[in-house]
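First to last, the protein sequences are chains F, H, P and R. Quick note on numbering: the first sequence equals residues 105 to 305 in the working numbering. Quick note on numbering: the second sequence equals residues 105 to 305 in the working numbering. Quick note on numbering: the third sequence equals residues 105 to 305 in the working numbering. Quick note on numbering: the fourth sequence equals residues 105 to 305 in the working numbering. No residue lacks a Cβ here, since even glycine has one placed at the ideal position from N, Cα and C. Written below as structure tokens is the structure these notes are about.
Protein chains: 4
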Amino acid sequence: MKKQRLKYKQIIEAAVEVIAENGYHASQVSKIAKKAGVADGTIYLYFKNKEDILISVFEEKMGQFIEQIASSIRHQNRADDKLETLIDKHFRQLAADHNLAIVTQLELRQSNSEIRQKINQVLKPYLVVMDDIITEGMEQRVFRDELNIPLVRQMIFGTLDEIVTNWVMKEQKYNLVDQVPLVHGFITNGLSAQQERGGAN
Amino acid sequence: MKKQRLKYKQIIEAAVEVIAENGYHASQVSKIAKKAGVADGTIYLYFKNKEDILISVFEEKMGQFIEQIASSIRHQNRADDKLETLIDKHFRQLAADHNLAIVTQLELRQSNSEIRQKINQVLKPYLVVMDDIITEGMEQRVFRDELNIPLVRQMIFGTLDEIVTNWVMKEQKYNLVDQVPLVHGFITNGLSAQQERGGAN
Amino acid sequence: MKKQRLKYKQIIEAAVEVIAENGYHASQVSKIAKKAGVADGTIYLYFKNKEDILISVFEEKMGQFIEQIASSIRHQNRADDKLETLIDKHFRQLAADHNLAIVTQLELRQSNSEIRQKINQVLKPYLVVMDDIITEGMEQRVFRDELNIPLVRQMIFGTLDEIVTNWVMKEQKYNLVDQVPLVHGFITNGLSAQQERGGAN
Amino acid sequence: MKKQRLKYKQIIEAAVEVIAENGYHASQVSKIAKKAGVADGTIYLYFKNKEDILISVFEEKMGQFIEQIASSIRHQNRADDKLETLIDKHFRQLAADHNLAIVTQLELRQSNSEIRQKINQVLKPYLVVMDDIITEGMEQRVFRDELNIPLVRQMIFGTLDEIVTNWVMKEQKYNLVDQVPLVHGFITNGLSAQQERGGAN
DNA sequence: AATGAATGAGCGTTCATTCAT
DNA sequence: GATGAATGAACGCTCATTCAT
Chain F
105 MKKQRLKYKQ IIEAAVEVIA ENGYHASQVS KIAKKAGVAD GTIYLYFKNK EDILISVFEE
165 KMGQFIEQIA SSIRHQNRAD DKLETLIDKH FRQLAADHNL AIVTQLELRQ SNSEIRQKIN
225 QVLKPYLVVM DDIITEGMEQ RVFRDELNIP LVRQMIFGTL DEIVTNWVMK EQKYNLVDQV
285 PLVHGFITNG LSAQQERGGA N
Chain H
105 MKKQRLKYKQ IIEAAVEVIA ENGYHASQVS KIAKKAGVAD GTIYLYFKNK EDILISVFEE
165 KMGQFIEQIA SSIRHQNRAD DKLETLIDKH FRQLAADHNL AIVTQLELRQ SNSEIRQKIN
225 QVLKPYLVVM DDIITEGMEQ RVFRDELNIP LVRQMIFGTL DEIVTNWVMK EQKYNLVDQV
285 PLVHGFITNG LSAQQERGGA N
Chain P
105 MKKQRLKYKQ IIEAAVEVIA ENGYHASQVS KIAKKAGVAD GTIYLYFKNK EDILISVFEE
165 KMGQFIEQIA SSIRHQNRAD DKLETLIDKH FRQLAADHNL AIVTQLELRQ SNSEIRQKIN
225 QVLKPYLVVM DDIITEGMEQ RVFRDELNIP LVRQMIFGTL DEIVTNWVMK EQKYNLVDQV
285 PLVHGFITNG LSAQQERGGA N
Chain R
105 MKKQRLKYKQ IIEAAVEVIA ENGYHASQVS KIAKKAGVAD GTIYLYFKNK EDILISVFEE
165 KMGQFIEQIA SSIRHQNRAD DKLETLIDKH FRQLAADHNL AIVTQLELRQ SNSEIRQKIN
225 QVLKPYLVVM DDIITEGMEQ RVFRDELNIP LVRQMIFGTL DEIVTNWVMK EQKYNLVDQV
285 PLVHGFITNG LSAQQERGGA N
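And the structure:
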């Protein structure tokens, strides 16, 4: 399995297109096979079952997605700069591939909990990247130091994810990357040393 | 239809239980009927079709959910107090009904886009509540005044939603309501008057 | 059962209308009840089951139909005059009640063989009327005398029935009664003393 | 679809048998599949849906039926000879295939109007054959020349159809083909040059 | 007599997966 | 390796009939 890389890739790409075009529930294996230019049975030479296709789509696409972000922040020093880059790359990559955005934000979420568990495994390295930024931010005293890391990471991820999902559902009518500074401001402010309540003095 | 409120409620409750126990895709109408203690056909005296059951579950449960939050903040004045109450009630209500939490955070999201559209309609009043708080916060100068309201609301909703989803997926091992102050702090900080970047050092 | 004649009639009339409007397969008992202005359950105080309604419709309507024809020919003497009257009344009555024509020619034929057997029982007196005309015609030497009565009756009935059915299916665009002389000519010719083959000239 | 002729034929034959044995309404797809020796799903590789099976049965069987009649009369000259052949072949073919006779005369008529419309389309060539004979008969002065062709055709078809239906309903107790001369005599007499009314005496 | 809420059996169709070629 | 015909389990919904009121 997964030997001949070419056909494997073809099927993955076909799956993304088919799911983006037809929606999760109307994406039959036979449609993916047709789009990939192979026979239905051939799919099963490269993937264990339909579930495996979906997870593999996520692995392939998210693997690149995460690596792209990780490598972009590698040479940066300040946690809040890293965070800004992370947000920028997160938005930029999804804005650049509409099909992928549709698939990851809307369609793949219709899969059953078992598949979603596995998808979460794939996301784990991304969460680690976030956790590291938070830790660094606390060390650098860029962020408050009493932060509950998993909680903060959930807040950041939830914020980014919801914004992208809304953008996809609004049929990508506006420019997602334009939102980066606002989002970054919101998050860094939220994480920085606490002011007195109510602020404005 | 929807005449005899009693049986209608019975079926709604049964649906929540069945979906929480079996997962969205394994929730057959016949299972719901059995759990509700009625015949399969009886379901269709109260609901147009299966889809209608699911949407009604959301309407009933989220209707209460939102109303509970809305009425709790009605008598409060400060936007950040309102926000704290909103977060508290949001978490508290889902923490109090584990089945409902599973259904809304995990299972109902597997529905097709048509159902999800309708679910989003039900959520709309909640988003309005949030928008109002943000507007008030700006007027009261509790929040910065140049905020992009829809964007901020997405960030708040995304934050809360992701935290609850994580809590549900972690099988509710910890106390969700305990997280309220941290989350509230994160958000109000994020929204309050901007400090110099990076703050402390 | 069949006690209070009023409601019984109401239901029969409603059934004809419902079947004519909706077609046989879309004529649910509940629709007939609604049109008749009674509760579903009331139907079963007057009829054993749905099948009984359909047969009763046929009994009521065809009873009149046949009686009308029988009484019209009673005072006539010549078999071929009787035949002409029979054809005329047959066409005239169905032309006068479009709903009935639709129901008897098209819709009731979609019933299963069991019901159709019973419908045929209702038709029997009509066939006897035809048989009597044929017998008389032979005695009067208006028709050939070696006729196979059941066969001839089938030919006559088949001829009339097919013509009416075609007229109904053509949505009654032309005048059915206008066809009487031609049909009568065809049949009496067919039944009269045999000429040499190829006939007249 | 309809590729591998063998299985297609198997299913058609199975459908005829199942319908003849069980009646139209008790002929489930699964029964047809079982009788044909294929899986339920296989049916749908060869037919669009159940309706398509029924129409195809009619197309296949009636196609042959009509072609058989058409080719038999092709080399004949006199219209009344052609008519006799038509009646003979009509009766002979249905007498030779009892299942087919049951299906076409009784069961398929229970189908809804949509299917019956399509069945009528299939019959159209047969009606054209009849129309041609009538036209020729008039040209050859074998028949009267003022005939209303569609009406005459309806009378002929109605006659034949009713005779076959009666024979089927009488459970085929007598020999259908024996009736040919009588029926032919009735029709040609009916169509030949008019004698004075009442004829013989 | 009349109601109408409740019942529950019954079936066409889809589609992931297999396997003979 | 590649094919694609064949498989068969699974389920939402309808509607004639009943029966407590």
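Specify the secondary structure class of residue i as computed by DSSP and reduced to three states.
i                 : result
Asn126 of chain F : helix
Tyr150 of chain P : helix
Asn293 of chain R : helix
Gly141 of chain R : coil
His179 of chain F : coil
Asn279 of chain F : coil
Phe162 of chain P : helix
Glu250 of chain R : coil
Met105 of chain H : Low per-residue confidence applies at Met105 of chain H: pLDDT is 35, beneath 50, and the placement is therefore not dependable enough to give any value.
Asp201 of chain H : coil
Ser131 of chain R : coil
Lys186 of chain H : helix
Lys113 of chain F : helix
Lys193 of chain P : helix
Arg301 of chain R : Residue confidence for Arg301 of chain R is low, a pLDDT of 41 falling below 50, so the modelled location carries little weight; the figure read from the coordinates is stated next. In this structure, Arg301 of chain R counts as coil in the three-state DSSP scheme.
Along the chain, where does the alpha helix (DSSP H) that runs through residue i open and close?
i                 : result
Tyr230 of chain R : 217-243
Whose C-beta lies closer than 7 Å to the C-beta of residue i among residues of the same chain, with five residues either side of it excluded?
i                 : result
Ile219 of chain P : Glu155, Leu158, Ile159
Leu187 of chain R : Ile237, His288, Ile291, Thr292
Asp144 of chain H : Val133, Ser134, Ala137
Ile223 of chain P : Ile159, Phe162, Leu212
Ala199 of chain P : Leu280, Val281
Lys139 of chain F : Ala118, Glu121, Val122
Flag residue i as yes when its Cβ comes closer than 6 Å to any non-hydrogen atom of the ligand HEM, and as no otherwise.
i                 : result
Leu198 of chain R : The ligand HEM is not part of this structure, which contains no ligands at all.
For residue i, I'd like the list of residues in its chain whose CB is within less than 6 Å of its CB, leaving aside the five on either flank, ordered along the chain.
i                 : result
Phe169 of chain H : Gln197
Thr263 of chain H : none
Val246 of chain F : Ala183, Asp184
Gln214 of chain H : Tyr128
Ser131 of chain H : Val122, Ile123
Leu295 of chain H : Phe247
Phe249 of chain F : Before going further, note that residue 249 of chain F is Asp rather than Phe in the sequence given. Excluding residues within five positions, the ones whose Cβ falls inside 6 Å are Met242.
Val268 of chain P : Leu198, Gln209
Asn181 of chain P : none
Glu164 of chain P : Ile116
Gln244 of chain R : Ala183
Asp192 of chain F : Val284
Which same chain residues end up closer than 8 Å to residue i when comparing Cβ atoms and leaving out the 5 residues on each side of it in sequence?
i                 : result
Leu231 of chain P : Arg257, Phe261
Gln276 of chain R : Ala199, His202, Ala205
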